[in-house]
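Heads up, the thing below is written out as structure tokens.
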Amino acid sequence: MTNSIQEIANADFILATGTNTTEGHPIIGIQVKKAVRNGATLAVVDPRSTEIAGLANYHLRIKSGTDIALLNGLANVIIAEELWNKEFVTERTEDFDALRETVAKYTPDYVSEITGVPAETIKEVARGYAKAKNASILYTMGITQHICGTHNVFAVANLTMLCGQIGKESSGVNPLRGQNNVQGACDMGALPAFFPAYQPVALEANRAKFAAAWGVDELPSKTGLTVGEIIDEAGKSVKAIYILGENPVLSDPDSNHAAHNLESLDFLVVQDIFLTETAQLADVVLPASSFAEKDGTFSNTERRVQRVRKAVNPPGEAKADWEIICMIATALGYPMNYGSAGEIMDEIAKVTPSYGGISFARLENGSLQWPCPTAEHPGTKFLHVGKFGRGLGKFHAVEHIPPNEMPDEEYPLILSTGRRRYHYHTGTMTQRTGALEVFYPTEYLEINCIDAAKLGIEDGDKVRVTSRRGQVEVAAKITEIVTPGLVFTSFQYPDVPINKLTNAARDPISKIPEYKVCAVKVEKVS
Amino acid sequence: MANVTLTINSEQVTVPAGTKVLDAAREAGFFIPTFCHDPEAPGYGGCRICVVNIKGARSLMASCVTEATNGMVVETESPDVVEARKTILELLLANHPTDCLTCDKNGDCKLQDYAYRYGVGSSGFGGEKHSYPVDNSNPYITRDLNKCILCGRCVRTCAQVEDRQVIDFAYRGFQTRVAPAMDTNLAESACVSCARCVAVCPVGALTYTNLSGKGRTYEIAKKQVTCSFCDAGCQFDLNYKGDKVIGVTAKAPGEGRPLCLKGRLGMELRYSDQPLTPMLKKDNEFVEVSWPEALELEDVLAKLKELEK
Amino acid sequence: MVATVTLTIDGIQVTVPKGSTVLEAAESVGVFIPTFCHDPELSKPGACRICVVEIPGARNLPASCVTEATEGMVVYTASEAVLEARKTNLELLLANHPEDCLTCNKNGECKLQDYAYYYGVKVGAFPGEKHNYPIEEDNPFIVRDMNKCILCGKCVRMCQEIQGNNAIDFAYRGFNALVTPAMGTTYSDSDISNCVFCGNCVSVCPVGALSEKGMLGKARKWEIEKVTTTCPYCGVGCSFDLNVKDGKVIGVTSTDGDVNGRALCVKGRFGYGFINHPDRLKKPLIKKDGKFEEATWAEAIAFVKEKLGAVKANYGPDAIALLSSARCTNEENYLMNKLARAVLGTNSVDHCARL
Ligand code: SF4
Ligand code: SF4
Ligand code: SF4
Ligand code: SF4
Ligand code: SF4
Ligand code: SF4
Ligand code: FES
Ligand code: FES
Numbered sequence: 039m040t041n042s043i044q045e046i047a048n049a050d051f052i053l054a055t056g057t058n059t060t061e062g063h064p065i066i067g068i069q070v071k072k073a074v075r076n077g078a079t080l081a082v083v084d085p086r087s088t089e090i091a092g093l094a095n096y097h098l099r100i101k102s103g104t105d106i107a108l109l110n111g112l113a114n115v116i117i118a119e120e121l122w123n124k125e126f127v128t129e130r131t132e133d134f135d136a137l138r139e140t141v142a143k144y145t146p147d148y149v150s151e152i153t154g155v156p157a158e159t160i161k162e163v164a165r166g167y168a169k170a171k172n173a174s175i176l177y178t179m180g181i182t183q184h185i186c187g188t189h190n191v192f193a194v195a196n197l198t199m200l201c202g203q204i205g206k207e208s209s210g211v212n213p214l215r216g217q218n219n220v221q222g223a224c225d226m227g228a229l230p231a232f233f234p235a236y237q238p239v240a241l242e243a244n245r246a247k248f249a250a251a252w253g254v255d256e257l258p259s260k261t262g263l264t265v266g267e268i269i270d271e272a273g274k275s276v277k278a279i280y281i282l283g284e285n286p287v288l289s290d291p292d293s294n295h296a297a298h299n300l301e302s303l304d305f306l307v308v309q310d311i312f313l314t315e316t317a318q319l320a321d322v323v324l325p326a327s328s329f330a331e332k333d334g335t336f337s338n339t340e341r342r343v344q345r346v347r348k349a350v351n352p353p354g355e356a357k358a359d360w361e362i363i364c365m366i367a368t369a370l371g372y373p374m375n376y377g378s379a380g381e382i383m384d385e386i387a388k389v390t391p392s393y394g395g396i397s398f399a400r401l402e403n404g405s406l407q408w409p410c411p412t413a414e415h416p417g418t419k420f421l422h423v424g425k426f427g428r429g430l431g432k433f434h435a436v437e438h439i440p441p442n443e444m445p446d447e448e449y450p451l452i453l454s455t456g457r458r459r460y461h462y463h464t465g466t467m468t469q470r471t472g473a474l475e476v477f478y479p480t481e482y483l484e485i486n487c488i489d490a491a492k493l494g495i496e497d498g499d500k501v502r503v504t505s506r507r508g509q510v511e512v513a514a515k516i517t518e519i520v521t522p523g524l525v526f527t528s529f530q531y532p533d534v535p536i537n538k539l540t541n542a543a544r545d546p547i548s549k550i551p552e553y554k555v556c557a558v559k560v561e562k563v564s
Numbered sequence: 003m004a005n006v007t008l009t010i011n012s013e014q015v016t017v018p019a020g021t022k023v024l025d026a027a028r029e030a031g032f033f034i035p036t037f038c039h040d041p042e043a044p045g046y047g048g049c050r051i052c053v054v055n056i057k058g059a060r061s062l063m064a065s066c067v068t069e070a071t072n073g074m075v076v077e078t079e080s081p082d083v084v085e086a087r088k089t090i091l092e093l094l095l096a097n098h099p100t101d102c103l104t105c106d107k108n109g110d111c112k113l114q115d116y117a118y119r120y121g122v123g124s125s126g127f128g129g130e131k132h133s134y135p136v137d138n139s140n141p142y143i144t145r146d147l148n149k150c151i152l153c154g155r156c157v158r159t160c161a162q163v164e165d166r167q168v169i170d171f172a173y174r175g176f177q178t179r180v181a182p183a184m185d186t187n188l189a190e191s192a193c194v195s196c197a198r199c200v201a202v203c204p205v206g207a208l209t210y211t212n213l214s215g216k217g218r219t220y221e222i223a224k225k226q227v228t229c230s231f232c233d234a235g236c237q238f239d240l241n242y243k244g245d246k247v248i249g250v251t252a253k254a255p256g257e258g259r260p261l262c263l264k265g266r267l268g269m270e271l272r273y274s275d276q277p278l279t280p281m282l283k284k285d286n287e288f289v290e291v292s293w294p295e296a297l298e299l300e301d302v303l304a305k306l307k308e309l310e311k
Numbered sequence: 012m013v014a015t016v017t018l019t020i021d022g023i024q025v026t027v028p029k030g031s032t033v034l035e036a037a038e039s040v041g042v043f044i045p046t047f048c049h050d051p052e053l054s055k056p057g058a059c060r061i062c063v064v065e066i067p068g069a070r071n072l073p074a075s076c077v078t079e080a081t082e083g084m085v086v087y088t089a090s091e092a093v094l095e096a097r098k099t100n101l102e103l104l105l106a107n108h109p110e111d112c113l114t115c116n117k118n119g120e121c122k123l124q125d126y127a128y129y130y131g132v133k134v135g136a137f138p139g140e141k142h143n144y145p146i147e148e149d150n151p152f153i154v155r156d157m158n159k160c161i162l163c164g165k166c167v168r169m170c171q172e173i174q175g176n177n178a179i180d181f182a183y184r185g186f187n188a189l190v191t192p193a194m195g196t197t198y199s200d201s202d203i204s205n206c207v208f209c210g211n212c213v214s215v216c217p218v219g220a221l222s223e224k225g226m227l228g229k230a231r232k233w234e235i236e237k238v239t240t241t242c243p244y245c246g247v248g249c250s251f252d253l254n255v256k257d258g259k260v261i262g263v264t265s266t267d268g269d270v271n272g273r274a275l276c277v278k279g280r281f282g283y284g285f286i287n288h289p290d291r292l293k294k295p296l297i298k299k300d301g302k303f304e305e306a307t308w309a310e311a312i313a314f315v316k317e318k319l320g321a322v323k324a325n326y327g328p329d330a331i332a333l334l335s336s337a338r339c340t341n342e343e344n345y346l347m348n349k350l351a352r353a354v355l356g357t358n359s360v361d362h363c364a365r366l
């Protein structure tokens, strides 16, 4: 996030796109509701009429997968009506002409046709956003920040730069991280092309620096495989995988294929707290610790580094993940001897410029937002004041690309997947709390009454959902939340392994699979 | 010494012969509640809250008086045991005042702890309540017999000191209570205010008058000190609230020693941030006295003064 | 410069920014004033009147939480009149209050109990009519015992002003006044109540009227050790306190987090049960003939070493890949990056960074 969570409440205009904030990120939802109570204008872009859409001044019910067209359309209006921030664009950005050219054809009428949003609404939202004193954009699309933005992200960034709605309090681009430490995993170099702090492995100087810090002669220069490629190559060029606390068998798109590939590996090690669907395929399972049983830090979606503190001992012989990694490294001939998680952080601070000033001792007095380069630095509340990381902000003109798989005669409905308030990720944790799963025990498929009537489905009926890749059975819930032509469910219930259906086609740059859209058919199970 | 091996909650436990089931279970880390049991004076077995299920026994057995034997199979929390404990607690609470709100024992009371543990509320039985007047005739010890559960620990600890035996059970049935001879109040009795009884009372029936209202048990941290008046070395607790000592309480008598008021007062004067006003009984009445008199140091002081001159 | 005013509280000179309340001024110098309905983060109804003080010249005893401190003001926080008023206030509350501290889960952290003890007010001093509301426990998260409610209204304002869900409000008057979801329904009827079980109302209740269901009967307040940590669920990173007794996590309560203040969502507050779940892995497992068998750490690590070593020797380092975790700590992700690059010699390390 370029801003802090608490700044959201002071925004005058909030554009929430693809985020059901009150369910997915309830505490940010609180800030949005506060802003609305303070008189902010809220525009929500979502095909479903979610809780937050109910609070919005504008609910833009776009057709799934048409976000870029909409964002380009907003830019079109802002340029056409001369609402853009000329000073900001001149002084702080480049390649404006490319943007102007590209968005020229995205007139409100044209965009309305693609997205299904009325042209007048597009105009009003564009005006509201451009004229607001502070405007914040919230979205969750699982991008990998700073490295290789997807086209969606470019389109969002274009809009903020065009209006100068960035680099100040309560104004900016705020992707909301789904999992607790996605930010930290990226920051720490759990990425195939980057060392910690996004230092490219391709650069000789970086490799030399880390080789020296780690006391090895050389480090590999070839960019590694992404998670999707790792699963694809499993059993082919990849022979062994070590998986830490993830459950790709349920969470990955086209999960039949993921399971099959993992099974054909020479060797699979899974380290987790439960015997997950993925762990069941492993040759070795290592018992790890939950967050309550170890020390460390998480970095949240606003770059805030916070302490995780050990409250209890792990059960049985389970150990903290960091201790297990150290044991493996040591066994492989590279002794890792850290006395505590704090010592690891000390090493991180040495090699990670943005974490340079962070230590457990400082975190005792409160959290710190990176960049925090030195021990005296107070941390950074919002990014890009006066200057972007790369100097001038670059407009990347992007075109609307229809989803990889569109409905057709055989698979006439669009399936979209997401999260539920009461659950988390693949449910490994939230299905075992003694409370959450009691209140929200089963998953269902949201389907519009028009589609339901056509298919002869009644509320609560068991239905079979089939895509080109697989099928699942689930109970139907007839609702106005989804528009005709769209069905929705979450991927958080092991009983409804919906990712058997989803499309593994990936964004060519970010390699993020297209979870949000795939074509399915729905039939009643007799 | 010979050992015996028994099974407690499916766990094999080996203890020296002669060990009571209660001690064997606690040693192995199992919880058993007790009211009347006093490790310093064991073998009473009156309250029965400590019952356990012993395979083959005719009824539930009081673990504090039952010896562990070879091959014995014990369950400490089986449904029948829990049921029995609940019934005992319900009966006790039926005649017990609902006074935890402001009771000075709140937070350190066995009756309350066990009621919470076994989920027994105060309203279950709604039996007859006592309305004994609270005895605060003694300036140090407050006796509220409405809260007494008749465990007898005070009686036994008092009787352990020769020529004390100040209190004993009196009357029967619902009227049973612990009382000094002739059922006088404490001030009129032979009580020497040593507070041995207060130290062992599991509930709020016996409390320190000077600590009343000064702090909840969970706000108070205790630090043990050893009395230095005589060489017996009785143990006292300094009661800290924050960084202030709000009073001194008796913990345990020294080996073969009675525990005495003078020792407690001495500790009070030395450590307490607001020492209480010392009072001694003269002509059967408590009257305020000076600290030298309370600590029997008058003659020593007089001598010192003389020497100084 | 902020304008200030100077006043005298119990003989102590106090200088505070203009606009401060008498309560804030007193708290700034450590003078204790009890409060029930006041909360620094919420609007101030000045309704419960336990916080009254004596200000010579004022018509009656004003509520300090809504009285502005003015220049030269003289305040007594514990005069006889004040103590009398507070005692009467407590007696009236206790008159309709169940005598249930014995097993009440709030015992030890209850403002009503604390103040009753502090001011020496006994139960039964003023026996009045008791309520007989059924205890609401038809959901797995929150138990509501309105018999113990003192109508301070903090839950109502928390839900309105912080959570923004307006799930509950006051209904009826006098002895029958009650905090309830719309149409007298329960929290769990969420279509009507709009309650999302964030439990933020529970975090402000000063008495035992609202409790976390999972914590009932698990520990007395004074037995609990609190460990402040960061939520393991979403990327917001709320802070909260793990409540620990005898080496077990028995619940989650609010702390004052940098991100979230006291607010949490249902997952963070009520989603801790997995920690103690019997399915937790407790020993390393090695698959033999398609079946997992328990192994020692030494065996498991030796096996991993042998297998990874063999793959590396036969196919080169890029035949090994590591999937790190967005659920693990920074330190662990850093070590995975180091293990991949420095130890195994591959850059194939990634994590599940999607949605
Ligand atoms: S006064 Fe206390 S120690 Fe004595 S019998 Fe009663 S409860 Fe037991
Ligand atoms: S003696 Fe124990 S149960 Fe009785 S009122 Fe006091 S604290 Fe409560
Ligand atoms: S709410 Fe407070 S006063 Fe009421 S029963 Fe519970 S602890 Fe006692
Ligand atoms: S749990 Fe949350 S939503 Fe429900 S009443 Fe309480 S504060 Fe309101
Ligand atoms: S339930 Fe608690 S917070 Fe709400 S009004 Fe009653 S006492 Fe106050
Ligand atoms: S409490 Fe809820 S909103 Fe906060 S971090 Fe946890 S899951 Fe996210
Ligand atoms: S403790 Fe055993 S009978 Fe009382
Ligand atoms: S706290 Fe001041 S009126 Fe309630």
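Chains as they are written, first to last, in this note's numbering: chain A, 39 to 564; chain B, 3 to 311; chain C, 12 to 366.
Yeah, the Cβ is synthetic: ideal placement off N, Cα and C, and Gly gets one too.
- According to the DSSP secondary-structure assignment, lysine 284 of chain B is paired through a beta bridge with B/Glu287.
- DSSP places cysteine 199 of chain B within a helical segment (H, G or I) once states are collapsed to three.
- Judged by DSSP in its simplified three-state form, histidine 295 of chain A adopts helix.
- Between the region 365 to 384 of chain A and the region 337 to 351 of chain C there are three or more inter-stretch CB-CB distances shorter than 8 Å, so the stretches are counted as touching.
- DSSP places arginine 341 of chain A outside any beta strand (DSSP E), giving it a letter other than H or E.
- Chain B has no Cβ within less than 8 Å of the Cβ of arginine 155 of chain C.
- Counting along the chain, the unbroken alpha helix (DSSP H) around isoleucine 312 of chain C starts and ends at 308 to 326.
- For histidine 438 of chain A against isoleucine 152 of chain A, the beta-carbon gap comes to about 6 Å, under 8 Å, which counts as contact.
- DSSP places leucine 98 of chain A outside any alpha helix (DSSP H); the residue lies instead in the beta strand (DSSP E), whose first and last residues are 96 to 98.
- Leucine 278 of chain B carries a coil assignment under DSSP once its states are collapsed to helix, strand and coil.
- Residue state for isoleucine 20 of chain C is assigned as strand, using DSSP reduced to three classes.
- Out of A/Gln221, A/Ile386, A/Leu451, A/Asn537, the CA that lies nearest to the CA of alanine 251 of chain A is found in A/Ile386.
- Under the criterion of beta carbons closer than 8 Å, leucine 18 of chain C and threonine 81 of chain C qualify as touching, at roughly 7 Å.
- Here the alpha carbon of asparagine 212 of chain B sits roughly 23 Å from the alpha carbon of valine 157 of chain B.
- Not a single CB atom of chain C sits nearer than 8 Å to the CB of glycine 92 of chain A.
- Collapsing the DSSP output to three states places methionine 84 of chain C in coil.
- For valine 307 of chain A, the closest of C/Phe152, C/Val322, C/Asn107 by C-alpha to C-alpha distance is C/Val322.
- Here valine 207 of chain C really is in contact with valine 277 of chain C; their C-beta atoms are around 6 Å apart, less than 8 Å.
- For serine 528 of chain A, the uninterrupted beta strand (DSSP E) run begins and ends at 524 to 528, by DSSP.
- About 5 Å separates the Cβ atoms of threonine 78 of chain C and valine 33 of chain C, confirming a contact at the 8 Å cut-off.
- Taking a C-beta distance under 8 Å as the contact criterion, glycine 195 of chain C and arginine 470 of chain A do not qualify as a contact pair.
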